[in-house]
Structures are given as C-alpha cells and as structure tokens.
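K.L.:
In the working numbering, the protein residues as written are 424 to 627.
Heads up, the beta-carbon is just placed ideally off N, CA and C, and yes, glycines get one too.
Just so you know, these numbers come straight off a predicted model, no measurement behind them.
Once you've had a glance at the structure underneath, I'll fire off some questions.
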C-alpha cells in the first residue's frame with residue numbers, strides 16, 4: 424500500500440509520551456478496588472475529557488467536589504499530581520518523529536490535551552516543539568474523534584487529506600481520521616509504526 428504521503432500527523436499521549444492516571448493514585452489510594460471505583464465513578468474518563476475540550480480545572484473540580492465533598496482531596500489531586508501521570512517519553516517513537524522532521528517531512532501533531540497541561544508538557548519534553556505545529560483540543564474546543572477537529576487541523580496547516588497519515592493509539596480516533604478522509608494507523612509500538620509507515624511509502 425503505497426501512496427503519496429506528504430503530511431504526517433502524530434497524536435501525543437500514549438504515542439510520544441506515557442500517560443497513566445493511576446500512577447500517583449496508586450500512592451494516594453493504595454487499595455486497588457477503591458482506586459478503580461474512584462476512576463470509574465468520580466474522576467472518570469468522561470470527566471477528564473471535558474478538560475481536553477477546554478473546561479477549566481477549577482470548574483471541573485468544583486463540579487465533582489459539590490457531588491462528592493468527602494473526596495475533595497483526591498479530586499484536587501488529579502490536577503495537582505498530573506505530572507506524575509506522564510513520567511517519561513517513548514524514546515523510540517520520538518526518534519521516528521525527529522527522524523521524519525530531519526528528513527524534511529511535514530510533521531504536525533493533533534492531540535486531546537488540556538491547554539495548560541499541554542504547555543507544561545512542552546516545557547518538560549522539548550521534542551514537542553519540533554514539529555511544524557500542533558492542534559490542541561483544549562485550545563479549539565473540539566476533541567477527537569469529532570470530525571470537526573480533523574477539519575480544523577487540515578485547514579490550519581494546509582494539509583491535503585489524501586496525502587495525510589495520522590498516528591493515534593485509540594481505534595476510535597483512527598476511525599475518525601479515516602472518516603474525514605485521512606489515512607490513519609493505530610499505534611501499538613515503534614516497530615509496528617515503522618512498518619505501517621513503510622507500507623505507505625514513508626521509510627524511517
């Protein structure tokens with residue numbers, strides 16, 4: 424499967440940097456059953472994704488604290504200890520991205536990320552400043568897999584959808600990109616990514 428790929432778009436979390444909200448909470452809520460309940464019922468994925476859409480942490484915390492006042496400390500801990508949730512980069516993936524940039528490839532990023540934590544991540548991981556640019560969901564008020572965010576990224580960076588390939592760890596986001604007209608591959612590791620890119624004529 425070769426095609427004329429001119430634009431390569433990377434997701435960030437779980438593709439370029441590790442993300443696991445359980446990391447600080449394994450210390451804060453040592454009991455695994457209780458910790459799983461907390462994430463399933465209080466600081467849920469659906470709650471967190473609204474910060475990616477642009478809701479402020481203050482508003483998000485107030486919402487949950489009103490419903491679960493006894494859990495205020497743990498609710499505030501989600502943002503307070505956010506940096507512990509992203510302990511390191513995936514060096515092999517970063518090397519692929521930097522290699523593509525060094526070759527002169529057009530590389531951008533599209534991420535579901537709160538605006539403030541993304542800027543903090545850029546300070547910690549300087550490679551996040553190397554691509555031509557980034558669309559941050561929290562900045563534009565849209566989240567993957569909403570078709571509108573792929574359209575926004577395409578227009579912002581002047582991409583040709585047919586000549587674009589997107590790399591994301593979430594199947595639903597890959598399918599959203601394809602629905603918009605991009606090529607897209609599911610990330611599961613650096614070696615698989617190399618072979619997936621090669622199948623599209625992009626060798627790194």
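Using the DSSP secondary-structure output, state which residues sit across from residue 512 in a beta bridge.
P.N.:
In the DSSP output, where bridge partners are listed per residue, residue 512 has 440.
K.L.:
Taking all protein chains shown into account, decide if residue 595 is buried (16 or more other Cβ within 10 angstroms of its Cβ) or exposed.
P.N.:
That one is exposed.
K.L.:
Going by the CB atoms, is the gap between residue 619 and residue 534 shorter than 9 Å?
P.N.:
Not closer than 9 Å, so no.
K.L.:
Which residues bound the beta strand (DSSP E) around residue 606?
P.N.:
Unbroken beta strand (DSSP E) run through residue 606: 606–609.
K.L.:
Can you confirm whether the region 436–445 touches the region 508–520 when touching is taken to mean that 3 or more C-beta pairs between the two stretches lie within less than 8 Å?
P.N.:
They touch, by the three-pair rule.
K.L.:
In the DSSP assignment, find the unbroken beta strand (DSSP E) run with residue 628 in it and report its ends.
P.N.:
Because residue 628 is not part of the residues shown, which for the chain are 424 to 627, the question remains open.
K.L.:
Just to confirm, are residue 526 and residue 627 a CB contact at a threshold of 9 Å?
P.N.:
In contact: residue 526 and residue 627 (Cβ atoms closer than 9 Å).
K.L.:
Is there contact between the region 466–479 and the region 548–568, where contact requires at least three CB pairs shorter than 8 Å?
P.N.:
Short answer: they touch.
K.L.:
Check for me: the alpha helix (DSSP H) holding residue 625 runs from which residue to which?
P.N.:
Where residue 625 is concerned, there is no enclosing alpha helix (DSSP H), given that its DSSP letter is neither H nor E.
K.L.:
Can you check whether the CB of residue 487 is closer than 9 Å to the CB of residue 470?
P.N.:
A contact, by the Cβ cut-off of 9 Å.
K.L.:
From which residue to which residue does the beta strand (DSSP E) around residue 433 run?
P.N.:
From DSSP, the beta strand (DSSP E) with residue 433 extends over 430–433.
K.L.:
With distances taken from CA atoms, which of 572, 593 and 604 is nearest residue 587?
P.N.:
Comparing Cα-Cα distances from residue 587 to each of 572, 593 and 604, the minimum goes to 604.
K.L.:
For the alpha helix (DSSP H) containing residue 531, name the first residue and the last one.
P.N.:
No alpha helix (DSSP H) contains residue 531, which is instead part of the beta strand (DSSP E) from 529–534.
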